[in-house]
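Undergrad:
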Amino acid sequence: MITQDSIILENIEIAKDIYKMTLQGDFNAQPGQFINIKLNNERLLLRRPISVYDVYEDKLVIIYRVVGSGTKELSQEKVGNTLNILGPIGSGFPLTNNKKVVIVGGGIGVPPLQLLAKNLKNKDITFVLGFRNKEAVILENELKKYGEVIVATDDGSYGFKGNVLQAIDEYKIDFDVIYACGPSKMLEFIDKKYQGYKEGYISFEERMACGMGICYGCVCKPKKLDNGMLRVCKEGPVFELGVISYE
Ligand code: FES
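Each residue of the sequence shown is one higher than the one before, starting from 59 at the first, in this note's numbering.
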């Protein structure tokens, strides 16, 4: 697995506690993959896994939420500083072309959907993005480049009032394939609702430790235990509908 020292080109707050960081380097990331960042503070030993938002020939962009000491530290890094990056890691989203697609994101699960949309050849894409409230809404305009965007908020302060599944029903969105990234409860509901009659892929955002498939700190139980537990960082973070057991 590849590590590289990468210079920070940008690190800005784009919404409350949400930051966008651009890193220099040739990363060749696939949609749905993540990078594992070593923090420069020696007291914070664990790398922090962050999904890839976008990638260009010579740089990679992440969007992350400040939720603890590690991401707080990351948000205080200055342009010109260097970070050690492991990855890109994990199995990404399979690309499905020429099908009607709905792409569902919840909260900080929305950013990795940008690279997915950019790579899909499908012309018929609808995004359904769910957030707590208006203040938490991100990337609505960026994703409009690739298709129609429906925003749902829990409190109704912006867009549709309700959750993403209610929005899919309310707007009668017709689709062949569903892609989703967000809170595990949201993914569970999507999986249970559509498995067996829709093609679909869900990306989990588990807390990770090693990020390399060694520690088994990120496992989830598959329906068929033939090959043992599934590691989100190695076999995932993307799984097909119907693979994970929620029992
Ligand atoms: Fe260690 Fe996944 S984080 S195995």
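Every residue, glycine too, gets a C-beta built ideally from N, C-alpha and C.
With distances taken Cα to Cα, identify the nearest neighbour of isoleucine 60 among Asn139, Gly148, Glu131, Ile72.
TA: Counted from its first residue, the sequence shown places residue 60 at position 2. Minimum Cα distance to isoleucine 60 is reached at Gly148.
Undergrad: Buried or exposed for serine 127, please, with buried defined as at least 16 other CB atoms from any protein chain shown within 10 angstroms of its CB.
TA: What you label residue 127 is simply residue 69 of the sequence shown in a count that begins at 1. Serine 127 is exposed by the Cβ-count criterion.
Undergrad: Residues in the same chain with beta-carbon distance under 6 Å from arginine 106, minus the five sequence neighbours each way, listed in chain order, please.
TA: Reading the sequence shown from its first residue, position 48 is the one you call residue 106. Only Ile95, Gly128 meet the Cβ criterion.
Undergrad: Assuming valine 168 contacts threonine 184 under a Cβ cut-off of 8 Å, what Cβ separation, rounded to an integer in Å, is found between them?
TA: Along the sequence shown, read from residue 1 onward, the residue named residue 168 stands at position 110. Along the sequence shown, read from residue 1 onward, the residue named residue 184 stands at position 126. No, valine 168 and threonine 184 are not in contact; Cβ-Cβ is about 14 Å, not under 8 Å.
Undergrad: Given that a residue counts as buried once 16 or more other Cβ atoms are within 10 Å of its Cβ, and exposed if not, what is arginine 289?
TA: Taking the first residue of the sequence shown as 1, we reach residue 289 at position 231. With 16 or more Cβ atoms within 10 Å of its Cβ, arginine 289 is classed as buried.
Undergrad: Just the C-alpha distance for glycine 258 and isoleucine 143, rounded to the nearest angstrom, thanks.
TA: Within the sequence shown, numbered from 1, the residue matching residue 258 stands at position 200. Within the sequence shown, numbered from 1, the residue matching residue 143 stands at position 85. If you take the alpha carbons of glycine 258 and isoleucine 143, they lie about 30 Å apart.
Undergrad: Residue ranges of each beta strand (DSSP E) run of no fewer than 3 residues wholly in the region 103-149, ordered along the chain?
TA: Within the region 103-149, the complete beta strand (DSSP E) runs of at least 3 residues are 106-114, 117-123, 140-147.
Undergrad: Quick one: give me the first and last residue of the beta strand (DSSP E) that leucine 81 is part of.
TA: Counted from its first residue, the sequence shown places residue 81 at position 23. Its beta strand (DSSP E) spans residues 76-82.
Undergrad: For the ligand FES, is there a heavy atom less than 7 Å away from the beta-carbon of tyrosine 274?
TA: As a working note, residue 274 is residue 216 in the sequence shown. Correct: tyrosine 274 has its Cβ closer than 7 Å to the ligand FES.
Undergrad: Across which residues does DSSP place asparagine 69 in a beta bridge pair?
TA: Within the sequence shown, numbered from 1, the residue matching residue 69 stands at position 11. In the DSSP output, where bridge partners are listed per residue, asparagine 69 has Met79.
Undergrad: Counting along the chain, where does the beta strand (DSSP E) carrying serine 242 start and finish?
TA: Here the question's residue 242 lines up with position 184 in the sequence shown. No beta strand (DSSP E) contains serine 242, which is instead part of the alpha helix (DSSP H) from 242-252.
Undergrad: Tell me which residues share the same chain as glutamate 200 and place their Cβ nearer than 8 Å to its Cβ, disregarding the 5 neighbours each side in the sequence.
TA: Position 142 of the sequence shown, counted from the first residue, corresponds to residue 200. So the list reads Gln172, once near-sequence residues are dropped.
Undergrad: Leaving out the 5 sequence neighbours to the left and right, which residues in its chain are closer than 6 Å to alanine 267 when beta-carbon positions are compared?
TA: The sequence position of residue 267 within the sequence shown is 209, counting from 1. The answer, listed in chain order, is Leu104, Cys273, Gly275.
Undergrad: Taking only the alpha-carbon atoms, compute the straight-line gap between phenylalanine 262 and valine 277 and give it to the nearest angstrom.
TA: On the sequence shown, residue 262 is found 204 positions in, with the first residue counted as 1. On the sequence shown, residue 277 is found 219 positions in, with the first residue counted as 1. For phenylalanine 262 and valine 277, the distance between alpha carbons rounds to 11 Å.
Undergrad: Taking the straight line between their C-alpha atoms, what separation do you get for methionine 79 and isoleucine 248?
TA: The count along the sequence shown starts at 1 and reaches residue 79 at position 21. The count along the sequence shown starts at 1 and reaches residue 248 at position 190. Each residue's Cα considered, the two are about 30 Å apart.
Undergrad: My parser needs the beta strand (DSSP E) runs of 3 or more residues fully inside the region 148-181; what are they?
TA: You should have 159-164.
Undergrad: Which residue from Ile120, Leu132, Leu299 puts its Cα closest to that of leucine 102?
TA: Along the sequence shown, one-based indexing puts residue 102 at 44. Cα-wise, what sits closest to leucine 102 is Leu132.
Undergrad: Return yes when at least one heavy atom of the ligand FES lies under 7 Å from the C-beta of alanine 210, else no.
TA: Indexing the sequence shown from 1 puts residue 210 at position 152. Not under cutoff, so the answer is no.
Undergrad: In terms of residues, what are the limits of the beta strand (DSSP E) holding asparagine 94?
TA: By one-based count along the sequence shown, residue 94 stands at place 36. Counting along the chain, the beta strand (DSSP E) containing asparagine 94 begins and ends at 92-96.
Undergrad: How about lysine 179 and asparagine 155: do their beta carbons lie closer than 8 Å?
TA: Here residue 179 is taken as the residue at index 121 of the sequence shown, counted from 1. Here residue 155 is taken as the residue at index 97 of the sequence shown, counted from 1. For lysine 179 and asparagine 155, yes; Cβs fall inside 8 Å.
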